[in-house]
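J.: Take a look at this one; I'll ask things after.
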Amino acid sequence: MGSTTSGKFPDYPRSGQKKDEPEGSGGRRGTDKCARDLLNISLEEVGRSTFFRAHSTVPVAGTAVSLRSTLVGPRLSIDTQDGQDIGFLPTEYNYLLVCLKRGFTYSGEVTSSSQLRVPSVRINLRYSAP
Amino acid sequence: MTTFCPCLIGQVFVDFVISPGSAPMMRLGGIMHAARTFWVMGIPFGFAYVAPDYLRLDAETLAAQYGASQVRQIGTISRCPNVVIVGEGKETGTQRYEYLLREQSQCDLHPEALTEMVAASDFSDFLIFPGGFPLSSVLEKLSSTAADVHADINFVADSLQDLPTLRRKFASLILSTSSELFLTKLGADPHRVIQELGPHSKLVLLKENRGGSRLFRSGETGWLGVAAQIRPILHSVGVGDCFNSVFVAQRHLHHDKAALAYASFAAAEYASYFDDSAMKQSVSAVLELPPEDIQNLGGVQLPWEERRKINIYLAAPDFDSVDTEPLEALADALAYHNFVPRRPVQENGQSRPDSTKTEKLRLAEADLGLLGHCQILAAVLLYDDPGTLIEIGIALERQMPVIVFDPFNRAENLMLTELPVLVSPDLDTVVTEVFIQAAKVLNAKR
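If you read the sequences in order, they're chains H and A. Counting in this note's numbering, the first sequence runs without a single skipped number right up to 130 at its last residue. Counting in this note's numbering, the second sequence runs without a single skipped number right up to 1446 at its last residue.
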């Protein structure tokens, strides 16, 4: 049987430390939540989006999308390449606002969409580090 | 507006956090969490701490490195190591922690040290975390200052009697719906929070875990609330302290709603990291967001008492012969957060092999009747139980939100994996989804 911790307190922050480098830029994928691809996200308010109101349908699988860098009202919006919003990210992804502030960007594509019960769109987003 | 120059008063602990699936984590806690937050904000602070002598070197070194302008040990703890072992870091349900040898903790207060510290600096605010030291003696010392005094009274259920010692109103009194003070002394009733604490404080801040937070302001009726920012977290230890520190600091820059919103967002980021530099980077980015963005940001706002309106049908083989531990864990977690978990087999009875057809039909109808009184269905897949799967189907057809807790990763059928709002083996994720769906249910009713 042995101890599982180092047996001492963690390294303390160094005085005069420079502003931290974004972890994503160093390829430490997974440790920084900004530097994570987001897969199979179901968008909200699809039926009220500009795209749906303009076309009376949902964007087809494969449509290129990106995360808008500014809020639409109180929500994070997903846009097509020509700037039409197709729905909002669920609010549990609000932390991406911080990631946008840090210079990360997110783009990807529609993976599936349906109007069977209610208009619905699922997307994948991949991050680009600043 | 005065320059914000805060002083922290409280104990320093060693936090030892054990989370399933993660390596144990150990670091200095107690008021060190607030110190860590002031470091992130670039705000110098006073650090008046109480701790066993063996922690003095590490506590004083770290406080100074976090930017403390003054550090004094104002009390010495004996017969207790001030070690807290946290066994469930995310507060999915009742937070299981062990504060070692707490009952035999003895504090030798050094009032002259606090007097000297108060005299030597012009602190604008004192942020006190009572517990483990005589609060009335500290408040007596602060009564001669003109500073704003804030106290997080979560951990001292009998602190109410000491509050008048300040001889003026607190700037803010802060507590959480998880605290013993709220759950027992104040009857888990937000109205009693106002009644009991309002006379002592200009502001009363009630933090409601994943349901948001609200502020009661003296002289006003009603609460000012902001949504919780729910996201994947690593821990919940010290998160409330981060919230307090950001709120107190941001009130010097912004109005109350924006200050609350910054505090809520920053606390969620604090909970997402153990590593100091990563946390600092993220919380700093939060504080750079414009106030108009952050205060209007959507999230989950689900006041404590509103959760009683949410009945959650727990679909599972809740039978005598089955090991229902995951079901018990979910039911306990939901009750902890003041939801109403409904267990049909426990409420209506269990069919036996020798039950008559009439009796079986009565039970089936009673279960469906109970489902009709519920707003959300949470299924627990202990095995491929037909009853559970049928109930999932009925709830889906009734347009109810269906959340599937799948602790053994059994779900493969596409109807089961694709139609519920969530299928997850992680209890914390399931509880979070209940908050999200419950808020949507209540919003749709308004």
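Backbone N, C-alpha and C define an ideal beta-carbon position, used for all residues, glycine too.
Ala1316 of chain A: which of A:Ala1035, A:Asp1385 and A:Gln1104 sits nearest, CA to CA?
T.: Here the closest residue by C-alpha is A:Asp1385.
J.: For Leu1197 of chain A, count the other beta carbons within 10 Å of its own beta carbon; 16 or more makes it buried, fewer makes it exposed. Which is it?
T.: By the neighbour-count rule (16 or more Cβ atoms within 10 Å), Leu1197 of chain A is buried.
J.: Return the residues of the segment 1071-1086 of chain A that lie within a Cβ-Cβ distance of less than 8 Å from chain H, sorted by chain order.
T.: The segment 1071-1086 of chain A vs chain H, Cβ under 8 Å: nothing.
J.: Ignore the nearest five residues each way along the sequence and tell me which others in Arg1343 of chain A's own chain have a CB closer than 6 Å to its CB.
T.: So the list reads Leu1314 and Asp1318, once near-sequence residues are dropped.
J.: List, from N- to C-terminal side, the alpha helix (DSSP H) runs of 4 residues or more that fit wholly inside the segment 1134-1189 of chain A.
T.: Those alpha helix (DSSP H) runs which fall completely within the segment 1134-1189 of chain A and span 4+ residues are 1135-1142.
J.: Kindly say whether Thr111 of chain H, judged by its beta-carbon, lies nearer than 9 Å to any beta-carbon of chain A.
T.: It does not: the Cβ of Thr111 of chain H has no partner Cβ on chain A nearer than 9 Å.
J.: For Pro119 of chain H, name the three-state secondary structure that DSSP assigns.
T.: Looking at Pro119 of chain H - three-state DSSP - the assignment turns out to be coil, as it is neither helix nor strand.
J.: Who are the Cβ neighbours of Leu125 of chain H in its own chain at under 6 Å, not counting the five residues just before and after it?
T.: So the list reads Leu38, Tyr106 and Gly108, once near-sequence residues are dropped.
J.: Residues in its own chain within less than 7 Å of Arg1027 of chain A by CB, not counting five upstream and five downstream?
T.: Around Arg1027 of chain A: Asp1015.
J.: Would you check if the segment 1258-1266 of chain A and the segment 1114-1124 of chain A touch, i.e. whether three or more CB-CB distances between them fall below 8 Å?
T.: Judged by Cβ distances under 8 Å, the segment 1114-1124 of chain A makes no contact with the segment 1258-1266 of chain A, as fewer than three pairs qualify.
J.: Taking the beta carbon of Tyr1054 of chain A as the centre, do at least 16 other beta carbons fall within 10 Å, making it buried, or is it exposed?
T.: Label assigned to Tyr1054 of chain A: exposed.
J.: Indicate the three-state DSSP secondary structure (helix, strand or coil) for Pro22 of chain H in the structure shown.
T.: Residue placement at Pro22 of chain H cannot be trusted, given a pLDDT of 34 that sits under 50; what the coordinates show is reported in the next sentence. Correct three-state label for Pro22 of chain H: coil.
J.: Do Ala1378 of chain A and Leu1416 of chain A have their C-beta atoms within less than 9 Å of each other?
T.: Contact flag unset, no.
J.: From Leu1100 of chain A to Glu1305 of chain A, what distance separates their C-alpha atoms?
T.: Looking at the two C-alpha atoms, the distance is approximately 33 Å.
J.: What does the alpha-carbon distance come out to for the pair Pro1006 of chain A and Thr1324 of chain A?
T.: If you take the alpha carbons of Pro1006 of chain A and Thr1324 of chain A, they lie about 49 Å apart.
J.: Specify, as a first and last residue, the run of the alpha helix (DSSP H) that Thr1037 of chain A falls within.
T.: Run containing Thr1037 of chain A: Met1032 to Met1041, per the alpha helix (DSSP H) assignment.
J.: What's the C-alpha gap between Pro1303 of chain A and Pro1353 of chain A?
T.: Each residue's Cα considered, the two are about 44 Å apart.
J.: I'd like to check one pair, Gly1212 of chain A with Gly1299 of chain A: are the Cβ atoms closer than 9 Å?
T.: Closer than 9 Å, so yes.
J.: Pull out every residue of the segment 1278-1298 of chain A whose Cβ sits closer than 7 Å to any Cβ of chain H, in chain order.
T.: Residues passing the 7 Å Cβ filter: Ala1278, Lys1280, Gln1281, Ser1282, Ala1285, Val1286, Glu1288, Leu1289, Asp1293, Asn1296, Leu1297 and Gly1298.
J.: So, with DSSP's three-state summary, where would you put Phe1047 of chain A?
T.: Three-state DSSP puts Phe1047 of chain A in a strand.
J.: Which one of A:Ile1436, A:Phe1405, A:Ala1034 and A:Asn1082 has the shortest CA to CA distance from Glu1098 of chain A?
T.: For Glu1098 of chain A, the nearest C-alpha among the options comes from A:Asn1082.
J.: How would you write the range of the beta strand (DSSP E) that Tyr1313 of chain A sits in, first residue to last?
T.: Unbroken beta strand (DSSP E) run through Tyr1313 of chain A: Asn1311 to Ala1315.
J.: Give me the chain H residues within the contact set of Asp1058 of chain A, using Cβ-Cβ distance strictly less than 7 Å, ordered along the chain.
T.: Under the 7 Å cutoff, chain H gives Phe9.
J.: Around the Cβ of His1033 of chain A, are there at least 16 other Cβ atoms within 10 angstroms (buried) or fewer (exposed)?
T.: With 16 or more other Cβ atoms within 10 Å, it is buried.
J.: Quick check: is the beta carbon of Ser1213 of chain A nearer than 9 Å to any beta carbon in chain H?
T.: No, because no Cβ of chain H sits closer than 9 Å to the Cβ of Ser1213 of chain A.
J.: Can you look up Phe1123 of chain A in the DSSP assignment and give me helix, strand or coil?
T.: Coil.
J.: Between the C-alpha atoms of Tyr1336 of chain A and His55 of chain H, what's the straight-line distance to the nearest angstrom?
T.: Spanning the two alpha carbons is a distance of roughly 46 Å.
J.: Along the segment 69-82 of chain H, what residues have a CB closer than 8 Å to any CB found in chain A?
T.: Result list: Leu71, Gly73, Pro74 and Arg75.
J.: Tell me the residue span of the alpha helix (DSSP H) that contains Pro1472 of chain A.
T.: In this structure chain A extends from 1001 to 1446, so residue 1472 of chain A is not present and cannot be described.
J.: Starting from the beta carbon of Tyr106 of chain H, find every residue of chain A whose beta carbon is closer than 7 Å, and list them in chain order.
T.: Result: empty, since nearest Cβ-Cβ is about 15 Å, beyond 7 Å.
J.: Taking only three categories from DSSP, how would you classify Pro1006 of chain A?
T.: Here Pro1006 of chain A sits in strand by DSSP.
J.: What is the residue span of the alpha helix (DSSP H) that Gln1295 of chain A lies within?
T.: Its alpha helix (DSSP H) spans residues Pro1291 to Asn1296.
J.: Applying the criterion that 16 or more other CB atoms from any shown protein chain within 10 Å of the CB defines a buried residue, is Val1246 of chain A buried or exposed?
T.: The residue in question, Val1246 of chain A, is buried, as its Cβ has 16 or more Cβ neighbours within 10 Å.
J.: Strictly below 8 Å CB to CB, what residues from chain A border Val58 of chain H?
T.: Residues of chain A passing the Cβ test: none, with the nearest at roughly 16 Å.
J.: Hey, would you say Asn1244 of chain A sits closer than 9 Å to Asp1152 of chain A, going by beta carbons?
T.: Yes. Within cutoff.
J.: What three-state label does DSSP hand Glu1208 of chain A in the structure shown?
T.: Correct three-state label for Glu1208 of chain A: coil.
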